[in-house]
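Visitor:
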Amino acid sequence: MGVEIKESPVSSEEFEAMKRFVYDYLAASIEGEDEGGRMRWYPWHSAEYRYNHILNVAELAAEIAEKEGANVDITRVAALFHDIAKLEADQDVHAEAGARVAGEYLRSRTEYPESFITQVCDAVAEHSYEGDLANVPLETRCLMEADLLDKVGANGTTLMILRMGYESRTHMDANEMVGRVLERGKDAVSRVHSDTAESIAFQRIKRVRWFKEWLESEVAGMEPEEPPDIDL
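Count the sequence shown with our numbering and you get residues -12 to 219, in order.
#1: Nearest-angstrom Cα distance between GLU221 and ARG7?
#2: Tell me which residues share the same chain as TYR10 and place their Cβ nearer than 6 Å to its Cβ, disregarding the 5 neighbours each side in the sequence.
#3: Please give the ranges of any beta strand (DSSP E) in the region 117 to 168, keeping only runs that are unbroken, at least 3 residues long and fully inside the region.
#4: Considering only the alpha carbon of each residue, which of THR183, GLU205, ASN58, ARG156 lies closest to VAL(-3)?
#5: What first and last residue would you give for the alpha helix (DSSP H) that runs through ASN39?
#6: Helix, strand or coil for ILE199 per DSSP?
#7: Just to confirm, are ARG63 and ALA86 a CB contact at a threshold of 8 Å?
#8: Among LYS193, ALA4, GLU205, which one has its Cα closest to the Cα of ALA141?
#9: If you draw a straight line from the C-alpha of GLN78 to the C-alpha of SER16, how long is it?
#10: Which word fits GLY172, buried or exposed, when buried means at least 16 other C-beta atoms lie within 10 angstroms of its C-beta?
#11: What are the complete alpha helix (DSSP H) segments, minimum 4 residues, inside the region 80 to 104?
#12: Can you tell me the Cα-Cα spacing of ALA112 and ALA133, whole angstroms?
#13: Assuming contact is defined by CB atoms lying nearer than 8 Å, are ALA188 and LEU136 in contact in what I supplied?
#14: Tell me whether HIS158 is buried or exposed, calling it buried when 16 or more other Cβ atoms sit within 10 Å of its Cβ.
#15: With a threshold of 16 other CB atoms inside 10 Å of the CB of GLY24, please say whether the residue is buried or exposed.
#16: Looking at the secondary structure, which residues open and close the alpha helix (DSSP H) in which ASP60 lies?
#17: Report buried or exposed for THR144, applying the criterion of at least 16 other Cβ atoms within 10 angstroms of its Cβ.
#18: Give the range of the alpha helix (DSSP H) segment to which ASP11 is assigned.
#19: Taking the alpha-carbon positions, what's the VAL44 to GLN106 distance?
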């Protein structure tokens, strides 16, 4: 359980300023990159995609935090910074790098309580933890659950279908790609801890299953595939 901060230290204006800083940082991270290289040709190696993902996670994380009794400010600010270093650092160190950026930003902009800054930075640094979510602080857990959920549902499905074009695959592979979203949903359900996150996951999985069945019914020659076993 996080340390309670009774008055929100983050105004609406400050939160908007953080959002602008995060987008500008992401854009600067890939400015002037040479063509090619790691993930350069995928749509998610872009400031626009990464920023959109961050906003999705911040909104979801705040919703989960509010319903689960976590500190919403710590959670949503950590969510804003959780992937800020994703485009400039390797996957295995991007969380720690993001925590450093968050700490520098928060300490330089205004008089945030040190306890607030520490908890935000800890959540950013720990958001890639692959163990049991019951073992992390509540605010970190809300962030991690939101991060998992953004890959499930309409957003995850759209990205998988976009990926087909970048890999020069035909629409006949769409069923397989949507099936991968369901697999991600199964993984998300197995990892999320809160009732709120589990409810959101099941709702999104239900919609993806419906889309998959619709796809199979309208594309001639497409063989139905067994979806992963997820109790709904």
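We put the CB at the ideal spot given by N, CA and C, even for glycine.
Guide: Let me lay it out:
#1: Outside the shown range of the chain, which is -12 to 219, sits residue 221, and nothing can be said about it.
#2: Within the same chain, Cβ atoms closer than 6 Å to the Cβ of TYR10 are found at TYR38, the five residues on either side in sequence being excluded.
#3: Complete beta strand (DSSP E) runs here, min 3: none at all.
#4: Nearest to VAL(-3) by alpha-carbon distance, out of THR183, GLU205, ASN58, ARG156, is ASN58.
#5: That run of the alpha helix (DSSP H) goes 34 to 55.
#6: Note on residue identity: the sequence assigns Lys, not Ile, to residue 199. Three-state result, LYS199: helix.
#7: Cβ atoms of ARG63 and ALA86: not closer than 8 Å.
#8: Per the Cα distances, LYS193.
#9: As the crow flies, the alpha-carbon of GLN78 is around 14 Å from that of SER16.
#10: Buried.
#11: Contiguous alpha helix (DSSP H) elements confined to the region 80 to 104 occur at 81 to 96, taking only those with 4 or more residues.
#12: Straight-line spacing of the CA atoms in ALA112 and ALA133 works out to 15 Å.
#13: Contact: yes.
#14: Classification for HIS158: exposed.
#15: Legend: pLDDT at GLY24 = 41, less than 50; position of this residue unreliable, value from coordinates given subsequently. GLY24 should be labelled exposed.
#16: That run of the alpha helix (DSSP H) goes 59 to 68.
#17: Classification for THR144: buried.
#18: -1 to 17 is the extent of the alpha helix (DSSP H) around ASP11.
#19: Distance between the alpha carbons of VAL44 and GLN106 is about 18 Å.
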